[in-house]
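Encoded as structure tokens, the structure appears first; notes follow it.
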Amino acid sequence: ERFHKLVGADPMNVAGFEIANGTYPTFTAEASREYVLSGTSARFRPFVEAQAGVETLVRVGADLTLGSFGRGGLRMRDTVTGQRLPAIAGAAEAGTSLLLGADTAWVADSQYLPASLGYRLTDARSRLRAGVHWAAGRTSVFYGVTYLSPEFEAQPEGQLVGSFTWRHKF
């Protein structure tokens, strides 16, 4: 409230629009397979994901990786943006890769956007993403941008979200 007054903005009143405290055990499973496009360093990876818990959904999508960085490693998917970030190093520890992806989710239930607060979920929730991952020596940097389509009926437009990761091994 003090910050809003400092910058001359109206104070925010979120009373009645807060998510109740709670524990929401969540199970997420993803099935995928990576295909190397012959004669190139490009890799295509379709996937299907199911989640039950804080949000209950089914998601279908694909990722395309152009470049050698991260080959043979394990990547983990960021839950908000869908960007795939390295978790375990692969064979190619140096280089640059361009990552492109898209997916659509059908959400049955959401604790983040509860119907009790008046939210009506959209029929489908889509993400479109692109990112660049560069690595040399002991340092790697990732920057990506993701478009998130509206998540509920009253949301006037989608959102653009940036992702940044910097890693340096000491």
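In this text, residue positions in the sequence shown follow this note's numbering: the first is 140, and each later residue adds one. Don't be surprised by glycine CBs; every beta carbon is placed ideally from N, CA and C.
List the DSSP bridge partners of residue i.
i	result
residue 227	213
residue 205	237
residue 191	166
residue 246	196
residue 220	Answer by DSSP bridge pairing: none, since residue 220 is not bridged.
Quick check on residue i: does DSSP put it in helix, strand or coil?
i	result
residue 166	strand
residue 254	helix
residue 141	helix
residue 184	strand
residue 175	strand
residue 298	strand
For residue i and residue j, what's the separation of their Cα atoms in angstroms?
i	j	result
residue 284	residue 242	14 Å
residue 193	residue 211	32 Å
residue 286	residue 145	32 Å
residue 174	residue 196	26 Å
residue 151	residue 256	17 Å
Run the CB neighbour count on residue i, radius 10 Å, all protein chains shown included, and call it buried at 16 or more, exposed below.
i	result
residue 177	exposed
residue 236	buried
residue 166	exposed
I'd like to check one pair, residue j with residue i: are the Cβ atoms closer than 9 Å?
i	j	result
residue 215	residue 224	yes
residue 159	residue 189	no
residue 239	residue 213	no
residue 268	residue 308	no
residue 170	residue 183	no
residue 273	residue 221	no
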